[in-house]
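Residue numbers (our numbering): -14 to 501.
C-beta: ideal position from N, C-alpha, C; glycine also.
Here the structure is a predicted model, which means the values were calculated and not measured.
Have a look at the structure below before the remarks.
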């Protein structure tokens, strides 16, 4: 692949089909124990070693005890209908024995196509811990997809209207052990179980459907390919090909990502060199304040290392640089009275609180490292790897030495459960999950090596969230995958140019885009 050695500015985009001449043998890769992921349309027969279940198929739109369909309603150029499903919290103990949760999904079609026999497309949202989009009009990738599909927007379990897990709802679980035991059921394996439950309820004759996975949704799609490929017609991935090694791959992820984060910081300060001094001043102000920080409007506490987490979205998405810059240009209150001391502004502190969604979507922080775990614990991998890079990411030291203060990226640190008010209630559960070793497998390399489902993936060369090198390692193990490698977009490509990205991936599968 000579083009991969070109400077990123010259890459723009290219198509790539993994070659059998790659430098390692697929046959020597280790096998995984197959998780108890349920196959609902198997009529009590097993698929490989996956435990099978049967579930009555309901025609789309018809209600049953486990499925309630709402009435159609409209937004400009779209018709929508809500579905609610009652599913097991723990599929491993069976449909009847487990306690139940609710899964919400919204069906979307173009106006006038409500009764047409359209193929189904399931969208898997990024995260973990975020709900599906709420369309207000026909735009972006949804508009494009609705030209030929019946789109299903599923709120992944624990998000949106799918038995949402918030600080208030989780307070019903009285101990941190109970919280951790509950939270372990909210990873990709059970998200796929929920998707299969919905597919059998909605798709006529329980036929296969197309899935589109963005970011973490792509991780879920690879889990789907591993354990329930019979439910898939084709797979589209955007910025979401996971590392699939055994144990916990979080260490490898963060080691690779720190390199890209440094690069993104350098690019940010090249664009806004005036912010170097502004950020240093804020760090010095925080470090010299009582307790090493200041109180936030939310009740949290802002410290220099807390300030650095602004890089999570500020460095890795389109317009992130601009949002970060505009936030820092209002970091200080004006001096109205001569001689008054310089104070950090309420505007800035409020903007910091609103920058993340930990108050409404705590699952993101609680399960972030566990998405990399199968048969091993994360042990706060991001924090351990950060310590190895502390010379470059020590904010106070950088400010004292006159160096640019680097922001961090998509990483969750244990001290966040002290400093961020919305996460404090989950501190004990977070530590239990970080030490948990017996996470079930999320991927089956043998199944991926033998994959027959058409797969097309958008791979963003400068993606700060999903490392390019690790992506290519996994892609080489998914038989038949076609890659569109581009630096035209960042991780948010589907949001920023959804129609273009969706159309390009579909063209790769329907023959409109050349193989080479």
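For residue i, the first and last residue of its enclosing beta strand (DSSP E)
{"i": "residue 92", "result": "85 to 95"}
{"i": "residue 446", "result": "Counting along the chain, residue 446 falls outside any beta strand (DSSP E), and DSSP gives it neither H nor E."}
{"i": "residue 342", "result": "That residue, residue 342, is in no beta strand (DSSP E); it is neither H nor E in DSSP."}
{"i": "residue 52", "result": "52 to 54"}
{"i": "residue 470", "result": "467 to 471"}
{"i": "residue 70", "result": "63 to 73"}
Extent of the continuous alpha helix (DSSP H) run through residue i
{"i": "residue 401", "result": "401 to 404"}
{"i": "residue 486", "result": "483 to 495"}
{"i": "residue 371", "result": "366 to 373"}
{"i": "residue 381", "result": "380 to 386"}
{"i": "residue 430", "result": "430 to 434"}
{"i": "residue 60", "result": "Not the alpha helix (DSSP H): residue 60 falls in the beta strand (DSSP E), residues 58 to 60."}
{"i": "residue 398", "result": "Careful: residue 398 lies outside any alpha helix (DSSP H) and carries neither H nor E."}
{"i": "residue 459", "result": "453 to 460"}
{"i": "residue 416", "result": "412 to 420"}
Of the residues the options, the one placed nearest residue i, counting alpha carbons only
{"i": "residue 225", "options": "203, 219, 213 and 241", "result": "203"}
{"i": "residue 418", "options": "349, 392, 387 and 405", "result": "349"}
{"i": "residue 183", "options": "87, 81, 284 and 60", "result": "87"}
{"i": "residue 67", "options": "145, 286, 271 and 327", "result": "145"}
{"i": "residue 487", "options": "179, 99, 157 and 134", "result": "134"}
{"i": "residue 459", "options": "139, 65 and 231", "result": "231"}
{"i": "residue 391", "options": "300, 156, 227 and 141", "result": "300"}
{"i": "residue 346", "options": "361, 155, 305 and 199", "result": "155"}
{"i": "residue 264", "options": "474, 381 and 322", "result": "381"}
{"i": "residue 471", "options": "430, 394 and 223", "result": "223"}
{"i": "residue 289", "options": "298, 278 and 296", "result": "278"}
{"i": "residue 361", "options": "430, 422, 99 and 170", "result": "422"}
{"i": "residue 588", "options": "313, 149, 284 and 454", "result": "This structure cannot speak to residue 588, because the chain is shown only from -14 to 501."}
{"i": "residue 502", "options": "251, 249, 248 and 201", "result": "Absent from the structure is residue 502, since the part of the chain shown begins at -14 and ends at 501."}
{"i": "residue 463", "options": "311, 355, 429 and 295", "result": "429"}
{"i": "residue 271", "options": "408, 314, 327 and 475", "result": "327"}
{"i": "residue 280", "options": "406, 314, 310 and 246", "result": "406"}
{"i": "residue 127", "options": "163, 416, 64 and 468", "result": "64"}
{"i": "residue 447", "options": "467, 249 and 109", "result": "249"}
Expected contact under 8 Å - CB spacing of residue i and residue j to nearest Å
{"i": "residue 165", "j": "residue 414", "result": "4 Å"}
{"i": "residue 443", "j": "residue 396", "result": "About 23 Å separates the two Cβ atoms, so there is no contact after all."}
{"i": "residue 282", "j": "residue 335", "result": "5 Å"}
{"i": "residue 60", "j": "residue 120", "result": "6 Å"}
{"i": "residue 221", "j": "residue 210", "result": "No, residue 221 and residue 210 are not in contact; Cβ-Cβ is about 12 Å, not under 8 Å."}
{"i": "residue 242", "j": "residue 478", "result": "Contact doesn't hold; Cβ gap of about 18 Å is too wide."}
{"i": "residue 398", "j": "residue 351", "result": "About 13 Å; that fails the 8 Å criterion."}
{"i": "residue 309", "j": "residue 287", "result": "Between residue 287 and residue 309 the Cβ distance is about 15 Å, and since that is not below 8 Å, they are no contact."}
{"i": "residue 214", "j": "residue 461", "result": "Residue 214 to residue 461, Cβ: 18 Å. No contact."}
{"i": "residue 298", "j": "residue 305", "result": "6 Å"}
Pairwise C-alpha distance: residue j and residue i
{"i": "residue 125", "j": "residue 482", "result": "7 Å"}
{"i": "residue 320", "j": "residue 266", "result": "16 Å"}
{"i": "residue 316", "j": "residue 329", "result": "6 Å"}
{"i": "residue 105", "j": "residue 441", "result": "17 Å"}
{"i": "residue 21", "j": "residue 425", "result": "Because the pLDDT at residue 21 is just 43, under 50, the model does not fix this residue reliably, and the point stays unresolved."}
{"i": "residue 236", "j": "residue 353", "result": "13 Å"}
{"i": "residue 205", "j": "residue 375", "result": "32 Å"}
{"i": "residue 70", "j": "residue 137", "result": "13 Å"}
{"i": "residue 318", "j": "residue 378", "result": "27 Å"}
{"i": "residue 72", "j": "residue 82", "result": "11 Å"}
{"i": "residue 174", "j": "residue 51", "result": "20 Å"}
{"i": "residue 497", "j": "residue 401", "result": "47 Å"}
{"i": "residue 465", "j": "residue 261", "result": "46 Å"}
{"i": "residue 141", "j": "residue 147", "result": "7 Å"}
{"i": "residue 53", "j": "residue 96", "result": "22 Å"}
{"i": "residue 188", "j": "residue 131", "result": "16 Å"}
{"i": "residue 112", "j": "residue 57", "result": "28 Å"}
{"i": "residue 194", "j": "residue 451", "result": "26 Å"}
{"i": "residue 180", "j": "residue 93", "result": "16 Å"}
{"i": "residue 191", "j": "residue 185", "result": "5 Å"}
{"i": "residue 26", "j": "residue 357", "result": "Low confidence applies to residue 26: its pLDDT is 42, below 50, so where it sits in the model is not reliable, and the reading given next is rough at best. Computed Cα separation, rounded: 29 Å."}
{"i": "residue 427", "j": "residue 208", "result": "6 Å"}
{"i": "residue 538", "j": "residue 239", "result": "It is not possible to answer for residue 538, since the shown part of the chain is limited to -14 through 501."}
{"i": "residue 259", "j": "residue 307", "result": "13 Å"}
{"i": "residue 438", "j": "residue 198", "result": "15 Å"}
{"i": "residue 337", "j": "residue 456", "result": "31 Å"}
{"i": "residue 491", "j": "residue 107", "result": "14 Å"}
{"i": "residue 177", "j": "residue 436", "result": "17 Å"}
{"i": "residue 43", "j": "residue 159", "result": "Only weak support exists for where residue 43 lies, its pLDDT of 43 falling under 50; the coordinates are left without a value."}
{"i": "residue 196", "j": "residue 139", "result": "11 Å"}
Cutoff 8 Å: residue i Cβ touching any chain D Cβ
{"i": "residue 492", "result": "Here chain D cannot be found, since the structure has a single protein chain."}
Any non-hydrogen atom of the ligand NAP within 7 Å of residue i CB
{"i": "residue 341", "result": "Because no ligand of any kind appears in the structure shown, any question about the ligand NAP cannot be addressed here."}
Every unbroken alpha helix (DSSP H) within the region 248 to 329, with a cutoff of 4 residues, ordered by chain: 260 to 273, 289 to 292, 296 to 299 and 305 to 313
Counting only runs that start and end within the region 103 to 178, where is the beta strand (DSSP E) found for 3 or more residues in a row? 105 to 109 and 135 to 139
If you scan the region 180 to 239 from start to end, which runs of the alpha helix (DSSP H) of 4 or more residues do you find wholly inside it? 201 to 212
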